[in-house]
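There are 2 protein chains.
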Amino acid sequence: MGEFDLIERYFKRPARSGAHVVLGIGDDCALLAPALGTQMAISSDMLVEGRHFLPTVHPARLGHKALAVNLSDLAACGARPLAFTLALAMPAVDQAWLGAFSRGLFALADAQGCELIGGDTTRGPLTICITVFGEVPVVDGHSQALLRSGARIGDDVYVSAADTPLGIEGPGDARLALEAFRGHLSLPQQVLERVRLRMEAPTPRVALGLALRGIATSAVDVSDGLLGDLGHVLQSSGVGATIRTDWFAANLIAGDAQSAQVNGAFSFEKAEKLVLQMVLAGGDDYELAFTAPPALRDEVQAAAAQSGTLALRIGQIDADPGLRLLDAAGLSLPNHFGSFDHFA
Amino acid sequence: MGEFDLIERYFKRPARSGAHVVLGIGDDCALLAPALGTQMAISSDMLVEGRHFLPTVHPARLGHKALAVNLSDLAACGARPLAFTLALAMPAVDQAWLGAFSRGLFALADAQGCELIGGDTTRGPLTICITVFGEVPVVDGHSQALLRSGARIGDDVYVSAADTPLGIEGPGDARLALEAFRGHLSLPQQVLERVRLRMEAPTPRVALGLALRGIATSAVDVSDGLLGDLGHVLQSSGVGATIRTDWFAANLIAGDAQSAQVNGAFSFEKAEKLVLQMVLAGGDDYELAFTAPPALRDEVQAAAAQSGTLALRIGQIDADPGLRLLDAAGLSLPNHFGSFDHFA
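Just so you know, the protein sequences line up as chains A and B, in that order. According to my numbering, numbering within the first sequence proceeds without interruption in unit steps and concludes at 457. According to my numbering, numbering within the second sequence proceeds without interruption in unit steps and concludes at 457.
The structure is reproduced here in structure tokens:
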């Protein structure tokens, strides 16, 4: 099967009469017609086998995740998804793999109203690059995009989570699954299944990002770890923050991590440190961390409820640069939680 | 050096007050503000080491080429380049490589007024994915984009070329260089240098694409081979074409190919076949193939002159489906020239 047949069979679908997509797959370029009074939000992510996903992942979940991590960037900007391009390098044409990958990809794309408009396929080490396009309104000359630079002294700091039939989803889940797959710890089967789904098929918080427009002062998606990504917000905004660590115990998010058996010499200190590490620096969960003025606490909770998520208030923006951690007793905790770096 | 330092050092540059780029590198998304009455043309290409470029290529030329192949897609649509994203996987952080790669990339980007607005870097097999954004005006409700589907019966068929101090550039050059690097043929040193530059640092015909708006009825860039890419135009337009093969001899484009010594058993037939193969099916030259009504021949030549290129008239669109080849004597030639397929 050649390149053109492959695109025709797995990636080209009947054109939909989208108001924005003038021309989709099949020409040298795709054409988008942005709506009047809007800006276009653009983000691009590359996923490499062995680095961003395990070779054992089901291709349908991989198709979902490749788009989800990009949609999460749109969510963090409060942008409505419109369209995306896909560039795909594969070692060989595997039709079963392509069928499942495209099924997972399009299931999420359709759920989010995001159309595949072009891209590239080639032979090479398995690598997926998606570039996503979203729309942000401009109201009275002001862009409604949520930026990293908008946090103000006195703002509350939040992180998103969700209460689902499988349990509470929140920061730390994906890293817990990764460490289990690496053999560093063991989890009860039911917990493993839940966090594995979070690692392999995360839910981008698009609806929450849209609901937070005009309420949140800044936002970032937690791809590299909560404290690390919050650090980007603090730096861009020229502020500092004090973050409490009691919220995740109170919200049971860390319950699953606490059920983990650390392989090798187990100790209570190790398990406790593990929970902190997962939740504060795990990354790859694609929750949103954001800030909003205390006067809008009700509006934040309404936005979360409306989008089927939880908004956990975890701290406050202050003037002192840097990030301070407080434990459940209000005592200072050393912050030695690194951020995930794709070159570390 | 970590991911963030790397981006800061090699890819982040002082923001320019572009009318279109509202927000560049550094947030979850970039923000573009398209001009009123325009559409956005989007294209994405992935380059894999060993497949699209040789490991020996100079990184500055690779930086140029990675952007050039994308700009060529904008050129084929008649779109004005605005911005691009870059996703880059590298086996290790090599600062000398990054310095040269970004230098080559930005030299072309600056020459074309195209700003890097975001992307991704990660560890992995050397892979470059660029997504490029261009602008096409809409006049009286009609998009000025050049599409593959616009060729009409009776139109002339053209391919671009250029008369440069190093010799005539045209279709076939890049393949000639590739076959020389593969050891399949030998070239005089001066010829090798010229065609190597064409393979490693092709010139996207952006100015020609812009000048052809309102004149050409269809266009495509010759990335996979002249006849193969013309075939896409014929199929999209529901027409056929008759192409003469005397034009490239008359225009001396094939002079360099004729100087090639076919390695192994040399024969006159082999050399002649080689020239045809290079020019008609070589690919990777990023010339434009396009169609225009005979009534606009002067306008086509003016557009070419204005953009520093040549527009070679090579045939005519007709009603019979498929593509017919005529030799210099006007006799039918069998068309067994395959197109380049990244999965073949």
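Cβ atoms here follow ideal geometry from the backbone N, Cα and C, with glycine treated the same way. If you're wondering where the values come from, they're calculated on a predicted model, not measured in any experiment.
- In terms of Cβ geometry, B:Gln374 and B:Ala258 do not form a close pair [threshold 8 Å].
- The closest CA to that of A:Ala354, considering only A:Pro301, A:Leu340, A:Phe361, is found on A:Leu340.
- B:Gln374 carries a strand assignment under DSSP once its states are collapsed to helix, strand and coil.
- At least one C-beta of chain A is nearer than 8 Å to the C-beta of B:Leu187.
- Chain-order list of chain B residues neighbouring A:Val333: Asp141, by C-beta distance under 8 Å.
- Beta-bridge pairing by DSSP links B:Val245 to B:Ser156, B:Phe197.
- B:Leu298 and B:Gln390 have their C-alpha atoms some 13 Å from each other.
- Per DSSP, A:Ala179 lies in no beta strand (DSSP E); the unbroken alpha helix (DSSP H) holding it starts and ends at 172-190.
- For A:Ala424, the uninterrupted beta strand (DSSP E) segment begins and ends at 423-431.
- Looking from the CA of A:Leu393, the closest CA among A:Arg193, A:Ser336, A:Leu300, A:Gly231 belongs to A:Ser336.
- A:Ile427 has its alpha-carbon roughly 34 Å from the corresponding atom of A:Gly217.
- It is roughly 43 Å from the alpha-carbon of A:Ala181 to the alpha-carbon of B:Gly283.
- With contact defined as three or more Cβ pairs closer than 8 Å, the segment 166-177 of chain A and the segment 131-149 of chain A are not in contact.
- B:Gln429 sits close to B:Val270, with the two beta carbons spaced by under 8 Å.
- Contacts with chain A at 8 Å (Cβ-Cβ) include B:Ala192.
- Assigned with DSSP and collapsed to three states, A:Ile356 falls in strand.
- Counted as a single uninterrupted DSSP element, the alpha helix (DSSP H) harbouring B:Asp286 occupies residues 286-294.
- Residue environment for A:Thr235: buried (at least 16 other C-beta atoms within 10 angstroms of its C-beta).
- When secondary structure is reduced to three states using DSSP, A:Met391 falls in the helix class.
- Between the beta-carbon of B:Cys227 and that of B:Phe197 there is about 6 Å, and that keeps the pair under the 8 Å contact cut.
- For A:Gly237, a Cβ of chain B is located within less than 8 Å of the residue's own Cβ.
- When DSSP states are grouped into helix, strand and coil, A:Ser273 belongs to the strand group.
- Identification of chain B residues near A:Ile230 by a Cβ-Cβ cut-off of 9 Å yields Ile155, ordered along the chain.
- A straight-line Cα-Cα distance of about 39 Å links A:Ala314 and B:Gly396.
- Residues of the segment 200-217 of chain A whose Cβ lies closer than 9 Å to any Cβ of chain B, in chain order: Ala200, Leu201, Ala202, Met203, Ala205, Val206.
- At least 8 Å separates the beta-carbon of B:Gly285 from that of B:Phe450.
- Contact between A:Val319 and A:Leu423 is ruled out by a C-beta separation of about 16 Å, above the 8 Å threshold.
- Under the 10 Å beta carbon count, A:Gln225 is surrounded by 16 or more other beta carbons and is classified as buried.
- When the beta-carbon positions are compared, A:Arg261 and A:Val333 come within less than 8 Å of each other.
- Secondary structure of A:Val413 (DSSP, three-state): helix.
- Contact annotation: A:Glu248 and A:Ala148 have beta-carbon atoms nearer than 8 Å.
- Proximity of B:Asp253 to chain A, defined by a Cβ-Cβ separation below 8 Å, is not satisfied.
- Look at A:Phe124 here: in three-state DSSP terms it is helix.
- For a cut-off of 8 Å, the C-beta gap from A:Thr240 to B:Thr244 is around 14 Å, too long to register as a contact.
- B:Ala143 is classed as buried because its beta carbon has at least 16 other beta carbons within 10 Å across all chains shown.
- Comparing C-alpha distances from B:Ile356 to each of B:Asn448, B:Ser156, B:Leu201, B:Ser215 shows the shortest one belongs to B:Asn448.
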